[in-house]
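Heads up: the structure comes next, in structure tokens.
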Amino acid sequence: MTELRIRQAVRALLVTDADEIMLVRFEFTKGTVWSTPGGGLEPGEDHLTALHRELVEEVGLSAPTVAHHVWNREHITPHMDGRYDGQRDRYYLVPTERFDATPVLSWEQLRAENLYEIRWWTFDEVEAATAAGTLFAPRRLGMLLRSLSGQLASHEPIDTGI
69 MTELRIRQAV RALLVTDADE IMLVRFEFTK GTVWSTPGGG LEPGEDHLTA LHRELVEEVG
129 LSAPTVAHHV WNREHITPHM DGRYDGQRDR YYLVPTERFD ATPVLSWEQL RAENLYEIRW
189 WTFDEVEAAT AAGTLFAPRR LGMLLRSLSG QLASHEPIDT GI
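This is the structure:
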């Protein structure tokens with residue numbers, strides 16, 4: 069049996085004290101998914117280096133304070149370019165004040181990565197949108213966010229499921 073080709077990736081949970089999270093909207097052939105900013109590791113990068121690069125590229129945030137690694141998510145689904153069979157995400161909590169996203173990448177470059185929108189959501193909005201059928205990654209994002217509320221202390225990362 070052939071070993072799966074898993075892309076290593078990193079994601080940021082940009083969370084405010086007001087229980088808001090910045091999410092990005094991806095458009096894929098199979099549908100729309102709201103997720104956290106982040107992306108794949110480049111050759112030779114570690115997770116934190118990739119996280120800082122991705123935050124600058126996608127939302128224009130440089131030198132954030134990263135609290136800790138909180139979640140892991142692995143999903144097996146072929147990437148559109150055919151290079152990977154799935155992805156393994158590490159999620160890092162990044163407490164922040166609300167800011168306006170100013171990506172370093174152009175919208176043309178972001179769209180080439182299937183990213184079409186960036187916006188802040190309240191935790192309540194994520195839960196309501198989930199109930200209404202909006203797709204988030206991870207699927208149970210609203211519930212997972214509630215478990216983070218007010219928790220800046222480090223703990224063992226949990227598996228989010230798909």
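In our numbering, the protein residues as written are 69 to 230.
Even glycine gets a Cβ: it sits at the ideal position worked out from N, Cα and C.
Item to complete: Say whether the region 156-164 touches the region 127-136, bearing in mind that this needs 3 or more beta-carbon pairs closer than 8 Å, one atom from each stretch.
Response: yes
Item to complete: Please list, in chain order, all residues of the same chain as Leu203 whose beta carbon is under 8 Å from its beta carbon, the five residues on each side excluded.
Response: Taking the first residue of the sequence shown as position 1, residue 203 is located at position 135. Once the five neighbours on either side are set aside, the close Cβ partners of Leu203 are Gly99, Thr100, Val101, Trp102.
Worksheet item: Between Glu193, Leu178, Thr170, Gly107, which lies nearest to Gly154 when the distance is taken from Cα to Cα?
Response: By 1-based counting over the sequence shown, the position of residue 154 is 86. Nearest to Gly154 by alpha-carbon distance, out of Glu193, Leu178, Thr170, Gly107, is Gly107.
Worksheet item: In the structure shown, what three-state DSSP assignment does Asp192 receive?
Response: The residue given as residue 192 occupies position 124 in the sequence shown. Residue state, collapsed to three classes: helix.
Fill in: CA nearest to the CA of Asp87, picked from Glu142, Leu109, Glu193, Val78
What you label residue 87 is simply residue 19 of the sequence shown in a count that begins at 1. In terms of CA proximity to Asp87, Glu193 leads the group Glu142, Leu109, Glu193, Val78.
Practice prompt. Identify, in the order they occur along the chain, each residue of the same chain with its Cβ nearer than 6 Å to the Cβ of Val138, setting aside the five sequence neighbours on each side.
Written response: Within the sequence shown, numbered from 1, the residue matching residue 138 stands at position 70. Tyr159, Leu161, Pro225, listed in sequence order.
Worksheet item: So which of Leu81, Glu113, Phe96 has the shortest CA-CA distance to Met90?
Response: On the sequence shown, residue 90 is found 22 positions in, with the first residue counted as 1. Met90 has its Cα closest to that of Leu81, out of Leu81, Glu113, Phe96.
Worksheet item: Name the DSSP beta bridge partners of Met90, please?
Response: Residue mapping note: residue 90 aligns to position 22 of the sequence shown, counting from 1. Trp188.
Fill in: Bridge partners - Pro163, DSSP secondary structure assignment
Here residue 163 refers to the residue found at position 95 when the sequence shown is read from its first residue. Paired residue(s): Val83.
Fill in: C-beta contact flag for Arg187 and Thr198 at 9 Å
To locate residue 187, count along the sequence shown from 1; it is residue 119. To locate residue 198, count along the sequence shown from 1; it is residue 130. No, these two residues do not count as a Cβ contact at 9 Å.
Discussion item. I'd like to know whether the C-beta of Arg75 is nearer than 9 Å to at least one C-beta of chain C.
Written reply: This model lacks chain C altogether, as it is built from one protein chain only.
Practice prompt. Go to Val138, then tell me how far its alpha helix (DSSP H) extends in each direction, as first and last residue.
Written response: Here residue 138 refers to the residue found at position 70 when the sequence shown is read from its first residue. Looking at the DSSP string, Val138 is not in any alpha helix (DSSP H); the run it does join, the beta strand (DSSP E), is 136-144.
Discussion item. Just verifying my parser: in three-state terms, what is the DSSP assignment at Ser103?
Written reply: Here residue 103 refers to the residue found at position 35 when the sequence shown is read from its first residue. Of the three classes helix, strand and coil, the one that applies to Ser103 here is strand, per DSSP.
Practice prompt. Take Ile31 as the anchor and find which of Thr228, Asp227, Leu72 has the nearest alpha-carbon.
Written response: For residue 31 there is no data in the structure shown, the boundaries of the chain being 69 and 230.
Practice prompt. Quick one: grab the DSSP three-state call for Arg208.
Written response: For the purposes of this step, residue 208 is taken as the residue at position 140 of the sequence shown. Arg208 falls in the coil class under three-state DSSP.
Worksheet item: Given a threshold of 16 other Cβ atoms within 10 Å of its Cβ, counted over all protein chains shown, does Leu119 qualify as buried or as exposed?
Response: What you label residue 119 is simply residue 51 of the sequence shown in a count that begins at 1. It is buried - the Cβ of Leu119 has at least 16 other Cβ atoms within 10 Å.
Worksheet entry | Close-in-space but distant-in-sequence residues of the same chain around Asp157 (CB under 6 Å, 5 per side omitted) | Locating residue 157 in the sequence shown gives position 89, where the first residue counts as 1. Excluding sequence neighbours, Asp157 sits near Ala77, Arg79, Arg141.
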